[in-house]
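Take a look at the structure below.
In my numbering, the protein residues as written are 180 to 835.
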């Protein structure tokens, strides 16, 4: 074929592995000749004619990897893009997995949820004058296609009616799987990724994403898919294979979240809270819970409407990014609000800004994910202790890369603290499942009644065992109540944070992104981690490395691998450092969704000693702030040196 000959010649000019080019050519031939892909051919021909060889190579050199929870990436044409084929293959694999996981069970049931996304080719990859099967493709349509795959495999799908004006956010999906006693779930969302991305996240019967070795088994079944069964959505509905969700699970979810209140309903206008879903579906969980509990959230009008293009959001709809809350901050200043709360598009992450003045006339301070974790952990434990409701052996759960202040707070209240989990709330959920089913997780013993709160640095909170994923709804309620409690004392969340720093030690946590893009970047990332693994630095930022841990060490605390997915998740290095009155840690792992490695940097000091002059305390905190940047700059330099590179200006910029 001329197109394939042209592609071979075009790929020859790209610096990439020859085997990957051959793989791309083979996949390209399939998509050009197989009748299932005929609708995509006009756009493929256009890309070939335009000489877009880099785009074509990246789109066809592999089938988009099925990660530990599903597939996520740019929507587009080709096996390395999100489209109905890549989703269909994932769902077909999930069907095979469910039949093996629940032999003889009928009917098998799954719950489907979707966010607000719709592909509009904002990157301008494709020709708008030609037919394009992925253009305007929404998360809702992705989910309806998935329902057709489940139906063709004899599995009943529960989904919102086509004319529904609401959405099922991530935490509500987790709850609904359990509420309906379903066998699994699917969430079509790319979380806070750019508008042209989408993704599929699969859930088990516990309402959580799969952990090793189950995720390995499902991944293998997805990889083995050679044919996808599918019936049109309308036919699946007529055949009774699709059931439309009513309001019962939603009402039960809202009630569950409200039950986590520790202060009760506030007085009218006692606290002024601005809330924005940033065009996502958070209004149907966090916003609704705040409203139902009597907080009367003040909206950000231009961000209130669900819109997958996120037109009125600065940078990205991600509560980890302070700039995305600029419009909410403006509303907060105009209304004299005490607190600003935001959620990301699928409403699992929570963001916050607190007024520096108890009268609402001050400026706002952005709250990092680590600070929210510490605030809510202390607040809930303290309120339960104050009311006499604290379990005898409370359980607090967090991760290796979340601020160590959470563990100190937990120990202060006598809590059993799990503080060394891998990144991802599926590991929190697994810890809860083990406690639920066996009564213990490691050295921790108890029941679900002992669980108090779980957290992660990426603005994730889980405050009820009825949800097994990040939950912005319960988190929003707790954050509002924490602000309310402080206001009743004539104080603020900002002052509350300062008090926690004095009582438990000042912790500074920052994230350093080591960006390595493209095929070459992926190879270099592996080389970099292997080099640091085999020859760890002796010092970082002037501090001696006093401890090193490689979580891929099968003789270490995590034991033998449970499969390839477990090995990949454990590609995680920990460097522990000590100095004069300072503790520090650097954790390094590849991102699971983006072309970069993430270095989590923490520096901390001991608690403030009574009688210490304010100036001395301020100087100690300033030294920690300075030390964080020194660690980042030096670690980046040493890490890149292992692959023969040097940092570019500004590459050591930190983001909390």
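Note that the Cβ used here is the ideal one computed from N, Cα and C, for glycine as well.
Note that this is a predicted model, so its numbers are computed, not measured.
Under 7 Å Cβ to Cβ from residue i, same chain only, skipping five residues before and after it: list those, please.
i	result
residue 440	472, 656, 660
residue 466	454, 456, 476
residue 183	204, 207, 208
residue 714	none
residue 742	391, 392, 395
residue 819	825, 826
residue 652	350, 436, 464, 465, 468
residue 533	518, 543, 544, 546, 662, 671, 672, 673
residue 272	397, 400, 401, 404
Cα separation between residue i and residue j?
i	j	result
residue 351	residue 203	39 Å
residue 514	residue 543	12 Å
residue 479	residue 347	21 Å
residue 450	residue 752	43 Å
residue 380	residue 766	26 Å
residue 634	residue 621	18 Å
residue 366	residue 292	5 Å
residue 485	residue 726	48 Å
residue 186	residue 304	17 Å
residue 359	residue 557	33 Å
residue 508	residue 235	42 Å
residue 371	residue 427	28 Å
residue 261	residue 512	41 Å
residue 771	residue 500	19 Å
residue 676	residue 245	40 Å
residue 516	residue 642	25 Å
residue 218	residue 312	7 Å
residue 490	residue 301	12 Å
Whose C-alpha, out of the options, is nearest the C-alpha of residue i?
i	options	result
residue 640	674, 555, 433, 573	555
residue 854	227, 332, 311	No statement about residue 854 is possible, as the shown extent of the chain runs from 180 to 835 and does not include it.
residue 435	487, 810, 654	654
residue 537	820, 669, 264	669
residue 266	645, 277, 250	250
residue 242	315, 259, 800, 374	259
residue 691	726, 297, 808, 649	808
residue 438	468, 427, 446, 424	468
residue 603	527, 822, 398	527
residue 679	650, 624, 584, 646	584
residue 710	822, 629, 313, 618	822
residue 830	778, 768, 430	778
residue 560	738, 405, 630	630
residue 724	762, 708, 803	762
For residue i, which residues from the same chain have a beta carbon less than 6 Å from its beta carbon, with the 5 sequence-adjacent residues on both sides left out?
i	result
residue 356	290, 364, 382, 386
residue 764	755, 781
residue 576	597, 607, 610, 633
residue 432	351, 354
residue 627	615, 644
residue 165	An answer regarding residue 165 cannot be provided, because it is not within the stretch 180 to 835 covered by the chain.
residue 445	473, 663
At what residues does the alpha helix (DSSP H) containing residue i begin and finish?
i	result
residue 737	Taken as a continuous stretch (DSSP letters only), residue 737 belongs to no alpha helix (DSSP H), as it is neither H nor E.
residue 683	672 to 683
residue 181	181 to 191
residue 633	No alpha helix (DSSP H) holds residue 633; the beta strand (DSSP E) holding it covers 630 to 635.
residue 468	465 to 471
residue 722	Premise fails: residue 722 lies in the beta strand (DSSP E), 722 to 729, not in any alpha helix (DSSP H).
Between residue i and the rest of its own chain, which residues show a CB-CB distance below 8 Å, the 5 nearest in sequence each way excluded?
i	result
residue 503	457, 492, 493, 494, 495, 496, 497, 521, 530
residue 601	578, 579, 730, 748, 749, 751
residue 225	305, 306, 309
residue 442	562, 660, 663, 664
Quick check on residue i - is its C-beta less than 7 Å from some C-beta in chain C?
i	result
residue 280	The structure shown has no chain C; it contains just one protein chain.
Along the beta strand (DSSP E) that carries residue i, what are the first and last residues, could you check?
i	result
residue 422	421 to 423
residue 775	775 to 784
residue 806	Segment 793 to 820 is the alpha helix (DSSP H) holding residue 806; no beta strand (DSSP E) there.
residue 522	518 to 522
residue 380	376 to 382
residue 253	249 to 253
residue 335	335 to 338
residue 352	Unbroken run through residue 352 is the alpha helix (DSSP H), 349 to 358; no beta strand (DSSP E).
residue 766	761 to 769
At a cut-off of 6 Å, is residue i close to the ligand ADP when judged by its beta-carbon and the heavy atoms of the ligand?
i	result
residue 585	With respect to the ligand ADP, the structure shown offers nothing to examine, as it has no ligands at all.
Given 8 Å, three or more beta-carbon pairs between the region 628 to 644 and the region 407 to 424: no
Inter-stretch contact at 8 Å, needing at least 3 Cβ pairs: the region 405 to 419 / the region 318 to 332: yes
Validate contact between the region 789 to 807 and the region 700 to 708 using beta carbons, cut 8 Å, 3 pairs: no
Cβ contact (3+ pairs, closer than 8 Å) linking the region 712 to 732 and the region 803 to 817: yes
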